[in-house]
Structures are given as C-alpha cells and as structure tokens.
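J.:
Numbering (our numbering), first residue to last: 1176 to 1299.
1) Run through DSSP, which three-state label would residue 1280 get?
2) Spatial neighbours of residue 1248 within its chain, please: CB distance less than 8 Å, with the 5 preceding and 5 following residues excluded, ordered by chain position.
3) Could you check the C-alpha separation between residue 1178 and residue 1255 for me, to the nearest Å?
4) Within 10 Å of its beta-carbon, does residue 1238 have 16 or more other beta-carbons around it, so buried, or fewer, so exposed?
5) Figure out for me which residue from 1258, 1231 and 1211 has the closest Cα to the Cα of residue 1276.
6) Output the residue ranges of the alpha helix (DSSP H) runs that lie fully inside the segment 1198-1266 and measure 4 residues or longer, sorted by chain position.
7) Rounded to whole angstroms, what is the Cα-Cα separation between residue 1214 and residue 1194?
8) Using CA coordinates, which residue listed in 1209, 1216 and 1210 is at the minimum distance from residue 1176?
9) Going by DSSP, what residue range makes up the beta strand (DSSP E) through residue 1272?
10) Using the Cα positions of residue 1184 and residue 1228, report the straight-line distance between them to the nearest angstrom.
11) Tell me whether residue 1267 is buried or exposed, calling it buried when 16 or more other Cβ atoms sit within 10 Å of its Cβ.
12) What is the rounded straight-line gap between the Cα of residue 1293 and the Cα of residue 1230?
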C-alpha cells in the first residue's frame, strides 16, 4: 500500500513472491478486486488512501491516550512508522520529534526498546 502511495521500498519478500515495484504492488491490489491495474488504478489509489487515513486516525487516538496517561505534550517518533506517527500527531495538534533527525540509527530504536523490555522482564 505505501509502495503504491509513496514508493516505500519493501524490506521483506512480497506476499506473492513477485516483484517489489510500484507497478507490482498496484497489480497485487488490483487482483484483490479481480481486475487489471489499468482498469482500477484510481480505485486502488482510493483504497490505499482510505486505509492510510484509517491508520492515521487509529494512531492519533493511541497518541491521545498515551499523552494523557503520561501527561506529556509531545511524542518522539522513530522506526518505520515514524512518518505515520508524525502525521497523526499533527492531526491532533501534538508536537512530534522525528528522532531520525537526531540519531543515525533511529529507524532501529523501537526494536532496541523492545529488546530492553524483554531483558528487563527476565531479571524478575
């Protein structure tokens, strides 16, 4: 979906083992509609935009809950979803720090945080 909208590269194999281009992604989603890409390109783009909007709404709701729970006025966005987190934060007028502008390995920090939680839980 984000390959179609923004040209985001795949970081893993595709579901059908085929190509990773925007055209390949468009073909995969078109086949879900039992059509060829040239028949439903506008509809596929609309579906992708709709899914994106729903994801941003859900992330915005989660950010609102977290900001309220932790009495914070900003979020720190990192990892592959940082673009969505920043967009969601803007939607609800919460400041967002894009950690990738501060730290070279910011894309990997969510994984490192999860590892820290796992290691901490084993010490109990």
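C-beta: ideal position from N, C-alpha, C; glycine also. Just so we're clear, the structure is a prediction, and the values are computed from it rather than from any experiment.
T.: Answer, in terms of the structure:
1) coil
2) 1242, 1269 and 1270
3) 13 Å
4) buried
5) 1258
6) 1212-1244 and 1257-1266
7) 20 Å
8) 1216
9) 1270-1273
10) 20 Å
11) exposed
12) 27 Å
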